[in-house]
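Under numbering that gives the first Met the number 0, the letters of the sequence shown match residues 0 to 269, in that order.
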Amino acid sequence: MPFEYKKVLMLGATSGIGWALAAKMVENGVSVIAVGRRQEKLDEFAKQYGSGKATVDTAAFDITKLKEIPNFAKEIFTKHPDLDCVFLNSGVQRHLDWSKPENVDLDVMEQEMLTNYTSYMHLTKAFLPYLQKQAPKPTSLVFTTSGLALVPIIYCPNYCASKAALHHMILAMRQQMKQIDSNVKIIEVYPPAVQTELHDDKHQPEFQGKGRSLGMPLDEFTEEAWAGLSADDNEQVPVQAVKTFMGFNGWEKERQGTMMKMMEMMKKSH
Ligand SMILES: NC(=O)c1ccc[n+]([C@@H]2O[C@H](COP(=O)([O-])OP(=O)(O)OC[C@H]3O[C@@H](n4cnc5c(N)ncnc54)[C@H](OP(=O)(O)O)[C@@H]3O)[C@@H](O)[C@H]2O)c1
0 MPFEYKKVLM LGATSGIGWA LAAKMVENGV SVIAVGRRQE KLDEFAKQYG SGKATVDTAA
60 FDITKLKEIP NFAKEIFTKH PDLDCVFLNS GVQRHLDWSK PENVDLDVME QEMLTNYTSY
120 MHLTKAFLPY LQKQAPKPTS LVFTTSGLAL VPIIYCPNYC ASKAALHHMI LAMRQQMKQI
180 DSNVKIIEVY PPAVQTELHD DKHQPEFQGK GRSLGMPLDE FTEEAWAGLS ADDNEQVPVQ
240 AVKTFMGFNG WEKERQGTMM KMMEMMKKSH
């Protein structure tokens, strides 16, 4: 099955996974509105892909400006009433070491949680009604979490916590939408480590220049993620090691099975 949606708002499209998936979409005839804070990168994206098989628009926006989110959603949908997929993919990752509490910067932690989790809740609240209004047309909200939503690693525990929180929220949100036969599909993409700017020294100097070689090459990730997003069963798109080593096909399935059982038990007791 080809990717089901025709116009995608891609948040975090100025580099890495968001850029690569947005480029893949345009190559496959899917129109894209690219979002990020860096205007020069948005201009570069539009220049590179703007005369392709599908339309490209851009919007510079900082997702941590929570009060501006409702108006941002309104502006986007006024300009693009046919937007049928909102892809929340922006994110940051920071080191954090509790063995040296004097070095723990709570402002940095708060900013990481704000970017990776709280802003996503504000964006979801702002964008969902516009997607719901298009019923019965199928629409979707896509979230980029991480294999680290399932298994934490030690150098960036607040990042892992932000992704685990998002993962739990998504699992429940998906069932809520199913209970009302919603036209909005809730999709989760779980990348493993991928070679992007996420681990660059400008964000995590602790890597001392070695961050960029961490994980799988971006083009390999993009091929597998795009195949997953274009499959019939695309609600959950675990990539590479997330499927096996990090537990998606094992205990995560069991955990989600238990969630379904608890949902049925609660239904019966009400
Ligand atoms: N790379 C990995 O190993 C890996 C693994 C698992 C999950 N992920 C997840 O994949 C997603 C994409 O990350 P990436 O690896 O592609 O990293 P990246 O190359 O650093 O890209 C991050 C994107 O997020 C945007 N962004 C960050 N803060 C923002 C803000 N306040 N407002 C708007 N946009 C913001 C950046 O745009 P601007 O700077 O222009 O604003 C950029 O486009 C993230 O959610 C990340 O957690 C990555």
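Every residue gets a Cβ at the ideal spot worked out from N, C-alpha and C, and that includes glycine.
Burial check for Q92: the Cβ neighbour count within 10 Å reaches 16 or more, so the residue is buried. The DSSP-derived three-state label of D56 is strand. When the beta-carbon positions are compared, V188 and L130 stay at least 8 Å from each other.
A residue is called buried once 16 or more other Cβ atoms fall within 10 Å of its Cβ, and M9 is buried on that count. Closest by C-alpha distance to P204, out of C155, E234, Q175, is C155. Closer than 7 Å to some heavy atom of ligand 1: that describes the Cβ of T63. Counting only runs of 3 or more residues that sit fully inside the stretch 5 to 56, the beta strand (DSSP E) segments are 6 to 10, 30 to 35, in chain order.
By the Cβ-count criterion, H269 is exposed, with fewer than 16 other Cβ atoms from all chains shown falling within 10 Å of its own Cβ. Using a Cβ distance threshold of 8 Å, Q239 and E223 count as a contacting pair. Taking a cut-off of 8 Å for Cβ pairs, the stretch 98 to 105 and the stretch 206 to 221 do not touch, as fewer than three such pairs fall below it. At a cut-off of 4 residues, not a single continuous stretch assigned as alpha helix (DSSP H) sits fully inside the stretch 165 to 190.
K162 and S181 do not touch by the CB rule: their CB atoms are close to 24 Å apart, not below 8 Å. Taking C-beta atoms under 8 Å as the contact rule, A33 and L20 fail to qualify, at a distance of about 11 Å. According to the DSSP assignment, F76 belongs to no beta strand (DSSP E) but to the alpha helix (DSSP H) extending over 68 to 78. Residue pairing by DSSP puts M215 in a beta bridge opposite V193. V150 is a Cβ neighbour of G246, given a cutoff of 8 Å. Relative to the non-hydrogen atoms of ligand 1, the Cβ of G246 never comes closer than 7 Å to any of them. Taking all protein chains shown into account, N157 has 16 or more neighbouring C-beta atoms within 10 Å of its C-beta and is therefore buried. Around the beta carbon of R37, fewer than 16 other beta carbons lie within 10 angstroms, which makes this residue exposed. Under the Cβ criterion (8 Å, minimum of three pairs), the stretch 71 to 90 counts as touching the stretch 124 to 144. A straight line joining the alpha-carbon of N88 with that of M259 spans about 27 Å. Taking 3 residues as the minimum length, the beta strand (DSSP E) runs contained wholly in the stretch 75 to 163 are 84 to 87, 138 to 143, in order along the chain.
Comparing alpha-carbon positions, the option among K201, N233, K184, G51 lying closest to T123 turns out to be K184.
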